[in-house]
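First residue of the sequence shown? That's 1333 in our numbering, and the numbers climb one at a time after it. Taking it in order: structure first as structure tokens, then the write-up.
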Amino acid sequence: MKLPVYMDSNATTPVDPRVLEAMMPYFTEHFGNAASKTHSFGWKAEEAVETARRKIAALINAKPREIIFTGGATESNNLAIRGIAEMYRYKGNHIITAQTEHKSVLNTCERLKTEGFEVTVLPVDKYGLVDPDDVRSAITGETILVTIMTASNEIGTIAPVKEIGAVARERSVLFHTDAAQAAGKIPFDVEEMNIDLASITAHKMYGPKGTGALYVRHEMVDSHKENPRVKLKPIINGGGHEGGMCSGTLNVPGIVGFGTACEICQKEMPQESKRLIALRDRLYNAIAEKIDEVYLNGHPVKRLPNNLNLAFLYAEGQSILMDLKNIAFSSGSACNSAKPGPSYVLMALGIGEERAFNSVRFGLHRFNTEEEVDYVAEEVIKTVKKLRQMSPLYMLRSGGSQG
Ligand SMILES: *Cc1c(COP(=O)(O)O)cnc(C)c1O
């Protein structure tokens, strides 16, 4: 077993060697610009891009022409939300989202508020679920977009996306979902789930960083008759690449890698998700057997196969991380933001600051082994016990004995 063990796959996944292999020729011999129409270098690149587009579309049951390449899910979220807001401003100025969304959604909505848009940020329940009835009640005559993520990057909770999409459609409101964590990990079908726009990114599914896509529905269903196509205002203007929706020379090797990553995920998802759930449960059970007062954050069943978010009372997440230099995982404090505080996602669950600060997130991936899981469990148990021995509150509570 090689140290450190990587278990932070909700932040990014390792690149699958098969993905890298597919990409390599597009850095070297086939380096053409996919927009070059006058020679074979361009043709070869364009052909590779279109092959990848088909594979990406196939993973989410879309049509290839409904896929717009972007620089990742952050850019896709910006393009979807701002693009719809600006295009449909004449119909209304109201957007609905939720407290636990990724910052690229929340901050895009915040920015739109300064430009005259109204934003409703829905609460979630203790598992991080948005209630479709709350979406229904929040829709007004001014609502043009509902944007709710499919699966949470922090707590792994999977939203009732199909139901939320049905509510939006029933009221002829467009529905966007940030599926960065969901695509490639759990079944994700834009037709079955009533989705109009979806953001995805290669580096959360064993592809390269800096390549993503936005799915945009072409043919609207009946209730949108007056509005036969979803239209967007681009946020990046230039040579008209991607139907004018996202100008700039395409990242051909990245796109090829993205396509291969999607193809592998689609093929291997049934076995892979079973394997990851087994590994995740092995990790949880090993820890919970030896440590008392450990709580699971997020939904116990409706959760990503690869996400385990745990709160250890009387042991700070940040201290657990610092003690375990040979394990790459993350804590429930927003140490990546300007003002350190508890994670806003955990706070939205209503679990309180203390439990949020006591939380850590494990993100398993395709290449993790049982041996690694057992190592991580053992190390975490040792560290939590040690930290609790140093916690006056824990010693008071337990009378000095470690359960
Ligand atoms: C990682 C992630 C993003 C951002 O994707 P990038 O490709 O890194 O920009 C957005 N939303 C969710 C849910 C994510 O997990």
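All C-beta atoms, glycine included, are put in the ideal place defined by N, C-alpha and C. Computed from a predicted model, the values in this text were never measured in an experiment.
Item	Value
Quick check: the Cα distance between lysine 1594 and aspartate 1457, rounded to an integer number of angstroms?	Residue identity check: residue 1594 is cysteine in the sequence provided, not lysine. The alpha-carbon atoms of cysteine 1594 and aspartate 1457 are separated by roughly 32 Å.
Can you name, in chain order, every residue of its own chain whose Cβ lies under 8 Å from the Cβ of glycine 1580, other than the five neighbours on each side?	Ile1568, Gly1570, Gly1571 and His1573
Return the chain-ordered list of same chain residues with a C-beta closer than 7 Å to the C-beta of lysine 1376, the five sequence neighbours on each side being excluded.	His1362 and Gly1364
CA-CA distance, leucine 1352 and glycine 1586?	9 Å
Mind checking whether the beta-carbon of glycine 1586 lies closer than 6 Å to any heavy atom of ligand 1?	no
Cα separation between isoleucine 1480 and alanine 1390?	22 Å
Could you tell me whether any non-hydrogen atom of ligand 1 is closer than 6 Å to the CB of glutamine 1513?	yes
Leaving out the 5 sequence neighbours to the left and right, which residues in its chain are closer than 7 Å to glycine 1576 when beta-carbon positions are compared?	Pro1566
Whose C-beta lies closer than 6 Å to the C-beta of glutamate 1685 among residues of the same chain, with five residues either side of it excluded?	Pro1674
CB of asparagine 1485 to nearest heavy atom of ligand 1: below 6 Å?	yes
What is the DSSP secondary structure of tyrosine 1627, counted as helix, strand or coil?	strand
Once you ignore the five residues that flank isoleucine 1413 on each side, which residues in its own chain have a CB closer than 8 Å to its CB?	Ile1427, Val1437, Thr1440, Cys1441, Leu1444, Leu1477, Thr1479 and His1508
I want to check one thing, is the minimum distance from the CB of serine 1758 to the heavy atoms of ligand 1 below 6 Å?	Lying outside 1333 to 1735, the shown extent of the chain, residue 1758 is not represented and no answer is given.
Pull the bridge partners of arginine 1693 from the DSSP assignment, please.	Asn1641 and Ser1662
Is alanine 1412 near ligand 1, with its Cβ less than 6 Å from a heavy atom?	no
When DSSP labels each residue in this structure, what does serine 1579 get in the three-state scheme?	coil
To which residues of the same chain is glycine 1735 closer than 7 Å at the C-beta, ignoring the five residues directly before and after it?	In this prediction, glycine 1735 scores a pLDDT of 45, lower than 50, which makes its location untrustworthy; no coordinate-derived value is stated.
Please look up how many angstroms separate the CB atoms of valine 1626 and alanine 1620, rounded, as I've assumed it's under 8 Å.	6 Å
Shortest alpha-carbon distance to leucine 1687 belongs to which of Asp1706, Ser1665 and Glu1702?	It is worth fixing the name first, because residue 1687 is arginine in this sequence and not leucine. It is Ser1665.
Whether or not the segment 1696 to 1706 and the segment 1334 to 1343 are in contact is what I'm after, with contact meaning three or more pairs of Cβ atoms, one per stretch, closer than 8 Å; do they touch?	yes
Quick one, are the C-beta atoms of valine 1505 and leucine 1615 less than 7 Å apart?	no
Within its chain, find whatever has a CB closer than 7 Å to the CB of cysteine 1578; leave out the 5 residues flanking it on each side and keep chain order.	Ile1400, Phe1401, Thr1402, Leu1411, Pro1566 and Ile1568
From the DSSP output, which residues share a beta bridge with histidine 1426?	Glu1450 and Thr1475
Below 8 Å, can you find three or more Cβ-Cβ pairs linking the segment 1456 to 1471 to the segment 1602 to 1616?	no
Which value, in whole angstroms, describes the spacing of the CA atoms of methionine 1736 and aspartate 1521?	Absent from the structure is residue 1736, since the part of the chain shown begins at 1333 and ends at 1735.
Any heavy atom of ligand 1 closer than 6 Å to the beta-carbon of aspartate 1340?	no
Classify histidine 1508 as helix, strand or coil using the three-state DSSP reduction.	strand
Please work out which residues of its chain come closer than 8 Å, Cβ to Cβ, to isoleucine 1652, disregarding the five sequence neighbours upstream and downstream, and give them in chain order.	Phe1644, Ser1663, Val1692, Val1712, Thr1715, Val1716 and Leu1719
By alpha-carbon positions, which one of Phe1590, Leu1681 and Leu1628 ends up nearest to methionine 1355?	Phe1590
Do threonine 1489 and glycine 1630 have their C-beta atoms closer together than 7 Å?	yes
Bridge partners of alanine 1530, per DSSP?	Thr1509 and Tyr1547
For a test of the three-state rule: what should DSSP assign to phenylalanine 1590, helix, strand or coil?	helix
Where do the N-terminal and C-terminal ends of the beta strand (DSSP E) with phenylalanine 1373 fall, by residue?	Phenylalanine 1373 -> not in any beta strand (DSSP E); alpha helix (DSSP H) instead, spanning 1372 to 1391.
Within 10 angstroms of its Cβ, does lysine 1657 collect 16 or more other Cβ (buried), or is it exposed?	exposed
Going by C-alpha distance, which of Met1333, Val1347, Lys1334 and Leu1335 is nearest threonine 1592?	Val1347
Are there 16 or more other CB atoms within 10 angstroms of the CB of glutamate 1465, so buried, or fewer, so exposed?	Looking at the sequence itself, residue 1465 is aspartate, so the reference to glutamate does not match. When all chains shown are included, aspartate 1465 counts as exposed.
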